[in-house]
Amino acid sequence: MNLLKTPKQHLVHKVFASIVERYELLNTILSMGQDAYWRKAVAKIADLKSNQIAIDLCTGTGSLAIELVKHIDTVSEGAPLTVVGIDFCDEMLSKARKKLDNPRYKGKVEFVNGLAEDIPFADNTFDCATIAFGLRNVENIQRTFSEMQRVVKPEGKIISLELVIPSSPIIRCFYYPYLKWILPFIGRLISKTGIPYQYLSDSISGFMSAQDLANIMISVGLKDVGWHNLSCGVAAIHVGCKLVSVQPSAISGQQISYHQSKGCLSCQP
Numbered sequence: 241m242n243l244l245k246t247p248k249q250h251l252v253h254k255v256f257a258s259i260v261e262r263y264e265l266l267n268t269i270l271s272m273g274q275d276a277y278w279r280k281a282v283a284k285i286a287d288l289k290s291n292q293i294a295i296d297l298c299t300g301t302g303s304l305a306i307e308l309v310k311h312i313d314t315v316s317e318g319a320p321l322t323v324v325g326i327d328f329c330d331e332m333l334s335k336a337r338k339k340l341d342n343p344r345y346k347g348k349v350e351f352v353n354g355l356a357e358d359i360p361f362a363d364n365t366f367d368c369a370t371i372a373f374g375l376r377n378v379e380n381i382q383r384t385f386s387e388m389q390r391v392v393k394p395e396g397k398i399i400s401l402e403l404v405i406p407s408s409p410i411i412r413c414f415y416y417p418y419l420k421w422i423l424p425f426i427g428r429l430i431s432k433t434g435i436p437y438q439y440l441s442d443s444i445s446g447f448m449s450a451q452d453l454a455n456i457m458i459s460v461g462l463k464d465v466g467w468h469n470l471s472c473g474v475a476a477i478h479v480g481c482k483l484v485s486v487q488p489s490a491i492s493g494q495q496i497s498y499h500q501s502k503g504c505l506s507c508q509p
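In case it helps, our numbering puts the sequence shown at residues 241 to 509.
This is the structure:
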């Protein structure tokens, strides 16, 4: 079944299908070598137990899905499914599935084709939902958060890791030239064309601030929304929790709050 319906979806699919073999290197370049640390921070916040299950949206080559499993202390052969990763790019999923040759992960992770804005699972299925470096590429961010909220159980965590606009003018002075000139140049060096890298550069420089992203999470009814800036504010981990029952009249009055513990933001019920 063809999931691609809009021009942006077709563009994003084309971009990522063309860089599958260099995607993980690209994440390292975009994050200036920090992406592995950031994923570990997300896994620490998710803090999945062996009897819980999570969904990772826009999973790409499955790096975060695998990290979520690695964080669980009691991963053993025959343990129940722990993480479902979904993505609309079959080429990415094919590379992700190759990682399941490792017996530590086989049977604990499943990769399926699907859209972040139309998650193919029932309400209240998962204990946690994550998305890393994917919100810039979805058609509708608010719809994506609404879907994450729908499929997560009450009090479940919704976690986003995303490259954002740094709040510091000084950092922006260095970061924008990096995105505009250095990233596309590196892209041309490691591939035949710099076009995919130019798209990714533009998608970051045209994205929103951490505050604006938190406001969207609040607008869909998440509680205890907050974020932790990473690497001088070039990225942020956002966390929200699903209400036991969403009362639309109460949503507009919610305020952003956050709790920090050992450098990582955690969701407080």
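In this text, a Cβ means the ideal position worked out from N, Cα and C, and glycines have one as well.
All values derive from a computational prediction rather than experimental measurement.
Assigned exposure category for residue i - 16 Cβ within 10 Å defines buried
i, result
"Trp421", "exposed"
"Pro417", "exposed"
"Thr322", "buried"
"Asp296", "buried"
Beta-ladder partner(s) of residue i, from DSSP
i, result
"Leu304", "Paired residues: none, contrary to the question."
"Ile435", "Paired residues: none, contrary to the question."
"Cys400", "At residue 400 the sequence reads Ser, which differs from the Cys that was named. Ser400 is bridged to Ile371 and His478."
"Asp341", "Per DSSP, none; premise fails for Asp341."
Assigned secondary structure, residue i (DSSP; H/G/I helix, E/B strand, else coil)
i, result
"Asn380", "coil"
"Asp463", "Note on residue identity: the sequence assigns Lys, not Asp, to residue 463. Here Lys463 sits in strand by DSSP."
"Gly273", "coil"
"Asn364", "coil"
"Glu534", "In the structure as shown, the chain begins at 241 and stops at 509. Residue 534 is therefore absent and cannot be evaluated."
"Ile405", "coil"
"Ala286", "helix"
"Thr268", "helix"
"Pro394", "strand"
"Gly325", "strand"
"Leu251", "helix"
"Ala294", "strand"
"Asn469", "strand"
Selection from the options that minimises the alpha carbon distance to residue i
i, options, result
"Trp467", "Ala281, Glu387, Glu379 and Thr268", "Ala281"
"Phe447", "Leu355, Lys310, Val378 and Cys298", "Val378"
"Gln292", "Cys368, Gln382, Gly354 and Lys245", "Cys368"
"Leu333", "Lys310, Tyr263, Ser386 and Tyr277", "Tyr263"
"Asn353", "Gln389, Cys298 and Ile381", "Cys298"
**Message:** For the segment 352 to 369 against the segment 318 to 332, do three or more pairs of beta-carbon atoms, one drawn from each stretch, fall closer than 8 Å, so that the two count as touching?
**Reply:** yes
**Message:** Measuring CB atoms only, is the segment 262 to 276 touching the segment 385 to 395, in the sense that at least three cross pairs come out at less than 8 Å?
**Reply:** no
**Item:** Stretch-stretch touch, CB-based, cutoff 8 Å, three pairs: the segment 255 to 266 with the segment 457 to 466
**Value:** no
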